[in-house]
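Let me begin by presenting the structure, written as structure tokens, before commenting on it.
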Amino acid sequence: MQPLLPGDLEHIGADMYGLIARLYPICRSITGEGFRSTMRILQEFIPLAINEVPSGTKVFDWTVPKEWNIRDAYVKNLRGERVVSFNESNLHVVNYSTPVKARLSRDELQRHLFSIPEHPKWIPYRTSYYKESWGFCVSHEVLESLNEPEYEVCIDSSLANGSLTYGEYLVPGKTDREVLISCHSCHPSLCNDNLSGIALSVFLARCLNQTRPRYSYRFLFVPGTIGSITWLALNEQHASRIAHGLVVACVGDPGQMNYKQSRRGNAEIDRVVEHVLKHSGKPYKISRFVPYGYDERQYCSPGFNLPVGSLTRTPNGQYPEYHTSADNLEFVRPEHIVDSFKTYLEIVEALEANGIYYNLNPKCEPQLGRRGIYGSVGGGERGHGFEMALLWVLNLADGHASTLDIAEKAEMPFHTIAEATEILLKHRLLEMREDEAG
Amino acid sequence: MQPLLPGDLEHIGADMYGLIARLYPICRSITGEGFRSTMRILQEFIPLAINEVPSGTKVFDWTVPKEWNIRDAYVKNLRGERVVSFNESNLHVVNYSTPVKARLSRDELQRHLFSIPEHPKWIPYRTSYYKESWGFCVSHEVLESLNEPEYEVCIDSSLANGSLTYGEYLVPGKTDREVLISCHSCHPSLCNDNLSGIALSVFLARCLNQTRPRYSYRFLFVPGTIGSITWLALNEQHASRIAHGLVVACVGDPGQMNYKQSRRGNAEIDRVVEHVLKHSGKPYKISRFVPYGYDERQYCSPGFNLPVGSLTRTPNGQYPEYHTSADNLEFVRPEHIVDSFKTYLEIVEALEANGIYYNLNPKCEPQLGRRGIYGSVGGGERGHGFEMALLWVLNLADGHASTLDIAEKAEMPFHTIAEATEILLKHRLLEMREDEAG
Amino acid sequence: MQPLLPGDLEHIGADMYGLIARLYPICRSITGEGFRSTMRILQEFIPLAINEVPSGTKVFDWTVPKEWNIRDAYVKNLRGERVVSFNESNLHVVNYSTPVKARLSRDELQRHLFSIPEHPKWIPYRTSYYKESWGFCVSHEVLESLNEPEYEVCIDSSLANGSLTYGEYLVPGKTDREVLISCHSCHPSLCNDNLSGIALSVFLARCLNQTRPRYSYRFLFVPGTIGSITWLALNEQHASRIAHGLVVACVGDPGQMNYKQSRRGNAEIDRVVEHVLKHSGKPYKISRFVPYGYDERQYCSPGFNLPVGSLTRTPNGQYPEYHTSADNLEFVRPEHIVDSFKTYLEIVEALEANGIYYNLNPKCEPQLGRRGIYGSVGGGERGHGFEMALLWVLNLADGHASTLDIAEKAEMPFHTIAEATEILLKHRLLEMREDEAG
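Protein chains in written order, with this note's numbering: chain V, 38 to 475; chain R, 38 to 475; chain H, 38 to 475.
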């Protein structure tokens, strides 16, 4: 595989940010037109398949819910003035609210209002997917200003049989063993969670599409929880092809990278991501798997136990802007998304290059000097560090250690060991045996 | 099994302390009437079997010794005044002293006297079980006052064929796999070591007798070393039924709890005790197994290697009052014994509840919300922590992890995970498979 | 085996230092008369076999090189004065320099000169074994004084078919399982690296020759890299007999001991050396295996993967005097060589005594008291520490733990556990089963 990193990262950063900005106003939910139109926009970038699964379909212990759509919503005072309006922010309506049109006392209304007293200017994001109800989310300042005796409320939504939509795109590789890249795409006007994940995934798919990778890469754009459950239920036999996977979310904020391990904890994906982060030179955090978070909960349920981790910047719930109107176009910045994007590319490159090799001269060291790849007097062309990489690969290439194992034992970056491996292959001092090339 | 913890702990504390006070004056040894009468008093609390093993019985590499009894002992000056008297403290006589009646010079007497110069008011406790000799233990103050030229000594003891006595009580459970609770009961007037262990064991047996536990609980009241060796020799075939065990000693002093691991180091009992202590909120210490201490030396000999640890407060030899007259009714306090007792109860509850369960919906999470045990908007009734416990149990209940494993991975107290397990069992989301219920 | 440590260590220290002083002036290389005459001197101490392997012999990926010999070399100014002379120090000539006799401009000469600007009085040590070239090593002061326009250079060396020489000596043991002691012997006037290693090995061989050890001990005196490769190529079938091995180098400097683990990292030799160093009471360092250093690179190549570590004082490259004329008779001191020698002896003693034993009374403790090896009242003759050693051995001698395992679990020095093992063997409380005695 040729190197993945595109030359012009600034351009890519602007493009990813532009996609986020374009998707930002759309009112997405776990079903409905908002999700569907989002997928259609993604099709401008990658040849995404858009799948529809009818309401009522049984998916393991769950049922695909009715489809939700919304046209308008407001709270008006009796003078007919909109004091809360869906047009201003789609966060104002509790997502999946049932239709309502009524005149209510201030106290009755209050029971359907949600705000964040600690952040009086921010609108919270709330959902009620599996319990039929309705409500409005407002800034605490607005909530406190609602002191008239009666209000008129209207939510012009529908909850009816329809379908659940999800997007899927496969970059075919040399083998049918797959790398899964999954991102939840159901949130309305929230940038970090998870328009940033959608944008990163789309551009990663575009990069990979220009190569012939070793693994096949499956990109899923699904509604959270019900979407991954649905995909797993419809592709149950297929799941075992997934050799590695990452759930992409919250990749545009200024925080450090955070990797949440797969349930296995020591899967190749866990080790590759930790290695890349360790050698990044930047602060990062590794978190153990916990059965809470994003769709890794489903991929890592005990009946699947797939090697799927989640690589974010600041994780869900750990930044104050999380699930509020402050997770906006100012909170995510192109430079952070680009930094996340580069990390994902390095991980892909390491997964692609990680293999098990055999030293073809395992008894004593081969004479590197006469092959011109080891200094006779003094260090070689690339210096002593690279000679050490050659010696490490030769010493450990006994069919038991992967490139990653060698990099970790040598305490060197993966790419140095991978480069040494390439040179030794070229000099026929190493080989990969056929049945392990997959 | 219903919860074990009795409502009125203060009452239990007073009762345990009362039993200690009642047993305190008796001159026990590894054989003889003192041990026998102690067992008879315990029969007032639990239906203890009192077993007698004749002197001379071969028990592995050892032989049951002659029975020792003592009526009186003293050192008199030539004016006929008792300067040392068995009536004042049974510690004054080296335990297992052979009979003697003689007039000795001060120098000859001196060779049979033992004291503790660093604690001039305390009488040491000494024994000579396996080497025939005699002696007196005195406070250093008394020793220094013996400056007359001659003394009369008398030890009115007997060492003759008889038997070794031990007490045994089995609380039957649903299976014949056993939990062994063993305490040495051979020490004379020493409260912490080990009247405290006797009292705790008796009251633990009483609690368990009111339930129908899963395990059978075997309580042994044995003379140290020779008693456990005798029991193991007579019950060699039976020993493999012991699934878990604890040697109870020194549980009434003010020190922190100390758990000495079984020889295995990672047996279930080791992990359960450590878990309970870790979540106790109080300081504690874990010690590795060493082949020195109490009867765990025998239970953990390599030919048995039973999973038996020892849970004490301050261990043998690590408090200055150890094996002296200062290990008295002021040194042990009811509140410390009650605290130890509660810890033992929690351990029993955890052993009883620890099991391996299977998630019956292992593919993706089951929909807890429609079962009313997971919050739809916001946290559920018991809050987010308990929801996390439900998710942890579901995620890890794959037949490989026990309740304890789950509690440790979730970093939650055992009882929270056990409670979540109960609820999921009730909702038929979990099961224990038949052959693993034992 | 009787104890190895000779009574008169001061004498041994002086003898080893004397051997170093005698070998110091000789110009050794990886082949040639200097190496050969060195071996002949060693034959005065041990009955060493001197082997010759013809130039051109294929040894794995390498070829035995032409033999190098040198008679004289100098740089003269045009007044005929030697400004650099081989007679003053054999380090002045780049080892394996091809013959040259020429008149050169100062600039041309400069390209063949090597110095150490940071240490202006020291002559560096350089080699060019596998690339035909020539050069002079000089102190930086001399280099800077060469400011005349032209010089005459002469290297009166020869590079021609001949042979590679190495020395080999086997002390036969009770089994044919071997301990390998290997030291590179190709360096010219450098004392720590590696005349110190040669001297230590010779005197260790002399000590062992006076005993009948359990293992056979193979001593190799080989030219670095090509020598161990040659030995391995000629003894390929034999290599699997090597049960443990050490590469001896840099054992005379004032630094602390440093053990570089074998590639396996947890081989018995690794554990024994670490144990001995840990209980030495002196500072020491353990380093992980890296595929760089001395001949352990070859012994630990993946096709052999022999349990061979390297025990030095300050390792190669980590002291400023390394590979310079400052690695001289003042840098190494008898007391440091003796200290290294004692450490090697302790390691040999531990390898010899390390075995797996069975407790013949595994059920409960045997009654040590009646055998007189355990105190009845108070501690026994050797005190409580030794009684603990007896109890540890009995408790762990279940056929799974070696003497070393027991010493580590007991946190006691190996020799204490070995002594306890001897006593228990004498009392027929332990046995070594036949098939494990090898």
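C-beta atoms are modelled at their ideal positions from N, C-alpha and C, and glycine is treated no differently.
What you are looking at is a predicted structure, and each value in this text was computed from that prediction instead of being measured.
task = Could you tell me which of L257(H), V288(H) and V208(H) sits nearest to W268(H), measuring between CA atoms?
result = One-based indexing of the third sequence puts residue 268(H) at position 231. Per the Cα distances, L257(H).
message = Please classify T372(V) as buried or exposed, where buried requires at least 16 other C-beta atoms within 10 Å of its C-beta.
response = As a position in the first sequence, residue 372(V) is number 335, starting the count at 1. Thr is not the amino acid found at residue 372(V); the sequence shown has Glu there. Around the CB of E372(V), fewer than 16 other CB atoms lie within 10 Å, so the residue is classed as exposed.
inquiry  = Please report the distance separating the alpha-carbon of I279(H) from that of L217(H).
reply    = The residue labelled residue 279(H) in the question sits at position 242 within the third sequence. The residue labelled residue 217(H) in the question sits at position 180 within the third sequence. Using only the alpha carbons, I get a separation of about 6 Å.
query = Can you tell me whether DSSP reads M53(H) as helix, strand or coil?
reply = One-based indexing of the third sequence puts residue 53(H) at position 16. Residue state, collapsed to three classes: helix.
key: CB contact flag (D230(H), C174(H), <7 Å)   = Indexing the third sequence from 1 puts residue 230(H) at position 193. Indexing the third sequence from 1 puts residue 174(H) at position 137. No, the Cβ-Cβ distance between D230(H) and C174(H) is not below 7 Å.
Contact set for N391(H): own chain, Cβ-Cβ below 6 Å, skip 5 residues either direction = Here the question's residue 391(H) lines up with position 354 in the third sequence. Result list for N391(H): S439, T440 and L441, in chain order.
inquiry  = Tell me which residues of the segment 87-107 of chain H have at least one Cβ-Cβ distance to chain V shorter than 9 Å, keeping chain order.
reply    = Within the segment 87-107 of chain H, those residues whose Cβ lies closer than 9 Å to any Cβ of chain V are, in chain order, V96, F97, D98, W99 and T100.
task = Find the residues of chain V that neighbour D435(R), judging by a C-beta separation of less than 7 Å, and give them in chain order.
result = For this step, residue 435(R) is matched to residue 398 along the second sequence. Counting only Cβ-Cβ distances below 7 Å, D435(R) has contacts in chain V at P339, in chain order.
inquiry  = By the DSSP assignment, the beta strand (DSSP E) with P91(R) in it spans what residues?
reply    = What you label residue 91(R) is simply residue 54 of the second sequence in a count that begins at 1. Secondary structure note for P91(R): its beta strand (DSSP E) is the uninterrupted segment A86 to P91.
inquiry  = Counting only C-beta atoms, is G422(R) closer than 7 Å to chain V at any point?
reply    = The sequence position of residue 422(R) within the second sequence is 385, counting from 1. Closer than 7 Å to the CB of G422(R) there is not a single CB belonging to chain V.
query = Should V284(H) and E215(H) be called a contact, given that it needs their Cβ atoms to be closer than 7 Å?
reply = Here residue 284(H) refers to the residue found at position 247 of the third sequence. Here residue 215(H) refers to the residue found at position 178 of the third sequence. Contact: no.
message = So the candidates are E358(H), G204(H), S152(H) and V345(H); which of them puts its Cα closest to the Cα of I87(H)?
response = Position 50 of the third sequence, counted from the first residue, corresponds to residue 87(H). For I87(H), the closest alpha carbon among the candidates E358(H), G204(H), S152(H) and V345(H) is that of G204(H).
inquiry  = Would Q293(H) pass as an interface residue toward chain R - the criterion being a Cβ-Cβ separation below 7 Å?
reply    = As a working mapping, residue 293(H) is identified with position 256 in the third sequence. No, no contact with chain R.
request  = With 9 Å as the limit, tell me which residues of the segment 308-329 of chain R have their beta carbon closer than that to any beta carbon of chain H; keep them in chain order.
outcome  = Answer set for the segment 308-329 of chain R: R325, F326, V327, P328 and Y329.
ask   = Using the rule of at least 16 other Cβ atoms within 10 Å of the residue's Cβ for burial, across every protein chain shown, is G476(V) buried or exposed?
value = Because chain V spans 38 through 475 in this model, residue 476(V) falls outside it and cannot be assessed.
query = Between N124(V), R116(V), L232(V) and F326(V), which lies nearest to I78(V) when the distance is taken from Cα to Cα?
reply = Position 41 of the first sequence, counting from 1, holds the residue named residue 78(V). Here the closest residue by C-alpha is L232(V).
inquiry  = Quick check: the Cα distance between P403(R) and V96(V), rounded to an integer number of angstroms?
reply    = In the second sequence, residue 403(R) corresponds to position 366, counting from 1. In the first sequence, residue 96(V) corresponds to position 59, counting from 1. When only Cα atoms are considered, P403(R) and V96(V) end up about 10 Å apart.
query = For G417(R), does the three-state DSSP call read helix, strand or coil?
reply = For the purposes of this step, residue 417(R) is identified with residue 380 of the second sequence, where counting begins at 1. Per-residue confidence for G417(R) stands at a pLDDT of 41, beneath the threshold of 50, marking its modelled position as unreliable; no derived number is given.
ask   = Which full runs of the alpha helix (DSSP H) of 4+ residues lie inside the segment 223-299 of chain R, going along the chain?
value = Secondary structure in the segment 223-299 of chain R: the alpha helix (DSSP H) runs of 4 residues or longer, each lying completely within the stretch, are 234-246 and 263-271 in chain order.
task = Verify the CB distance criterion: does I266(R) have a CB-CB separation below 7 Å to chain H?
result = As a first step, residue 266(R) is located in the second sequence; it is residue number 229 there, counting from the start. Yes - at least one Cβ of chain H is within 7 Å of the one on I266(R).
ask   = Would you call the CB atoms of Y336(H) and S347(H) closer than 7 Å?
value = As a position in the third sequence, residue 336(H) is number 299, starting the count at 1. As a position in the third sequence, residue 347(H) is number 310, starting the count at 1. Taking 7 Å as the Cβ cut-off, Y336(H) and S347(H) do not qualify as a contacting pair.
ask   = Taking all protein chains shown into account, do 16 or more other C-beta atoms lie within 10 angstroms of the C-beta of H224(V), making it buried, or fewer, making it exposed?
value = Here residue 224(V) refers to the residue found at position 187 of the first sequence. Buried.
message = Please list, in chain order, the residues of the segment 402-413 of chain H that have any C-beta partner in chain R closer than 8 Å.
response = If the cut-off is 8 Å between Cβ atoms, the segment 402-413 of chain H has E402, P403, Q404, G406, R407 and S413 near chain R.
query = What does DSSP give as the partner residues of D109(R) in its beta bridges?
reply = Your numbering for residue 109(R) matches position 72 in the second sequence. Answer is D193(R).
query = From this set, P209(V), V101(V) and R300(V), which residue's C-alpha is nearest V327(V)'s C-alpha?
reply = Here the question's residue 327(V) lines up with position 290 in the first sequence. When only C-alpha atoms are compared, the closest one is R300(V).
ask   = With which residues is N132(H) paired in a DSSP beta bridge?
value = Here residue 132(H) refers to the residue found at position 95 of the third sequence. N132(H) pairs with T164(H).
message = Along the chain, where does the beta strand (DSSP E) containing D435(R) start, and where does it finish?
response = One-based indexing of the second sequence puts residue 435(R) at position 398. D435 to S439 is the span of the beta strand (DSSP E), which, as asked, contains D435(R).
request  = Inspect the beta-carbon positions of C228(V) and L428(V) and report whether they are closer than 7 Å.
outcome  = As a working mapping, residue 228(V) is identified with position 191 in the first sequence. As a working mapping, residue 428(V) is identified with position 391 in the first sequence. Using a Cβ distance threshold of 7 Å, C228(V) and L428(V) do not count as a contacting pair.
query = According to DSSP, what are the bridge partners of V121(V)?
reply = Here the question's residue 121(V) lines up with position 84 in the first sequence. According to DSSP, which records beta bridges pairwise, V121(V) is partnered with V112(V).
ask   = At a CB-CB cut-off below 8 Å, which residues of chain R make contact with K463(H)?
value = In the third sequence, residue 463(H) corresponds to position 426, counting from 1. Within chain R, no residue comes near K463(H); the closest Cβ sits about 16 Å away, beyond 8 Å.
Segment contact, 8 Å Cβ cut-off, at least three pairs: the segment 351-368 of chain R with the segment 157-169 of chain R = Yes, the segment 351-368 of chain R touches the segment 157-169 of chain R.
key: Burial state of A139(V) (16 or more Cβ within 10 Å)   = As a position in the first sequence, residue 139(V) is number 102, starting the count at 1. Answer is exposed; the Cβ neighbour count stays below 16.
key: Beta-carbon proximity of G210(R) to Y166(R), cut-off 7 Å   = Counting from 1 along the second sequence, the entry for residue 210(R) is found at position 173. Counting from 1 along the second sequence, the entry for residue 166(R) is found at position 129. The answer is no: Cβ separation not under 7 Å.
Simplified DSSP state of A139(H), which is helix, strand or coil = By 1-based counting over the third sequence, the position of residue 139(H) is 102. It is a strand residue.
request  = Counting only the same chain and skipping the five closest in sequence on each side, list residues whose C-beta sits under 8 Å from that of P186(V).
outcome  = The residue you call residue 186(V) lines up with position 149 of the first sequence. So the qualifying residues of the chain are S142 and R143.
Sub-7 Å separation of V137(R) and V179(R) beta-carbons = Along the second sequence, read from residue 1 onward, the residue named residue 137(R) stands at position 100. Along the second sequence, read from residue 1 onward, the residue named residue 179(R) stands at position 142. Contact flag unset, no.
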